[in-house]
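Residue numbers (my numbering): 797 to 1004. Beta carbons: idealized from backbone N, C-alpha and C, even for Gly. Here's the structure, in structure tokens; my notes come after.
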């Protein structure tokens, strides 16, 4: 089943019937969903004080660890009065939304924002030494143990956990570090403050 990239649900009537959002969502969890909306409001007041209600996705990360944290305290309220069980649900929904965006082509929610991409560096004329160094650097087809700090790479074989962390197949990043045995490299996402260790065989060097 596929859905257009600018809608949340399929437009085909038969396929859409497989998503009973009232009967299978609101009809199942009315109290829980009401409290999830309350959790969103409390979080917005804390992290985006004075701004209209919205999910600032770059301010809300590490969902899996936060789910475990709140699971350990489930059955009690947090200091802001929101039940920890509700915060588990909120984090689980956030994790699912980001997963669907990364792997299933779901669009950015209309009430969510992402950090803008950093502006491109201003162009300048390269020096002769820089051009010579660049030519030598470009000529070398780096992979595996020959990847260098600062190299741009493409994720070609992500694991399920990699995808959940925002590093889907085709994602780009820069090499930010290496393990002592050189078999693992730390990849920094180009647009978000995300880093993750990868086996160098999962990566493809991107020629500049």
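Checklist entry - Is there at least one non-hydrogen atom of the ligand HEM closer than 8 Å to the beta-carbon of residue 997? => result As for the ligand HEM, it is missing from this structure, which has no ligand bound.
Checklist entry - In terms of residue numbering, what span does the beta strand (DSSP E) encompassing residue 971 cover? => result Start and end: 968 to 974.
Next on the checklist: If contact is defined by three or more beta carbon pairs under 8 Å, each pair taking one atom from either stretch, is the segment 942 to 952 in contact with the segment 991 to 1000?
Outcome noted: When C-beta atoms of the segment 991 to 1000 are compared with those of the segment 942 to 952, three or more pairs fall below 8 Å, so the two segments count as touching.
Checklist entry - What is the rounded straight-line gap between the Cα of residue 955 and the Cα of residue 892? => result 16 Å
Item to check | residue 897 versus 963, 811 and 923, residue with shortest Cα-Cα distance | outcome: Among 963, 811 and 923, the Cα nearest to that of residue 897 is on 963.
Checklist entry - Around the C-beta of residue 833, are 16 or more other C-beta atoms found within 10 angstroms, so that it is buried, or is it exposed? => result exposed
Checklist entry - Would you call the segment 853 to 873 and the segment 971 to 986 in contact, with 3 or more CB pairs under 8 Å? => result Flag = no, the segment 853 to 873 and the segment 971 to 986 do not touch.
Item to check | Proximity winner among 815, 965, 808 and 856, relative to residue 889 (alpha-carbon distances) | outcome: 856
Next on the checklist: Am I right that residue 831 and residue 882 are in contact with their C-beta atoms under 8 Å? What's the rounded C-beta distance?
Outcome noted: 4 Å
Next on the checklist: Suppose the cutoff is 7 Å on Cβ atoms and the five residues either side in sequence are ignored; what does the same chain contact list for residue 899 look like?
Outcome noted: 959 and 964
Next on the checklist: If distances are taken between C-alpha atoms only, which option among 835, 969 and 957 comes closest to residue 877?
Outcome noted: With distances taken between Cα atoms, residue 877 lies closest to 835.
Item to check | residue 874 vs residue 988 beta-carbon contact at 9 Å | outcome: no
Checklist entry - In the DSSP assignment, what residue or residues form a beta bridge with residue 794? => result The question about residue 794 has no answer here: the residues shown for the chain are numbered 797 through 1004.
Next on the checklist: Taking a contact to mean a Cβ-Cβ separation below 9 Å, would you say residue 880 touches residue 859 in this structure?
Outcome noted: Contact check for residue 880 against residue 859 fails: the beta carbons are separated by 9 Å or more.
Item to check | Nonlocal neighbours in the same chain, by C-beta distance under 8 Å from residue 970, ignoring five residues either side | outcome: For residue 970, where only same-chain residues beyond five positions count, the Cβ hits under 8 Å are 946, 947, 948, 949, 983, 984 and 986.
Next on the checklist: At the level of alpha carbons, what is the spacing between residue 813 and residue 894?
Outcome noted: Going from the Cα of residue 813 to the Cα of residue 894 covers about 24 Å.
Item to check | Where the alpha helix (DSSP H) containing residue 957 begins and where it ends | outcome: 956 to 960
Item to check | Separation of residue 844 from residue 911, as counted between CA atoms | outcome: 14 Å
Checklist entry - Hey, out of 1002, 827, 817 and 840, whose CA is closest to residue 909's CA? => result 840
Item to check | Separation of residue 924 from residue 887, as counted between CA atoms | outcome: 52 Å
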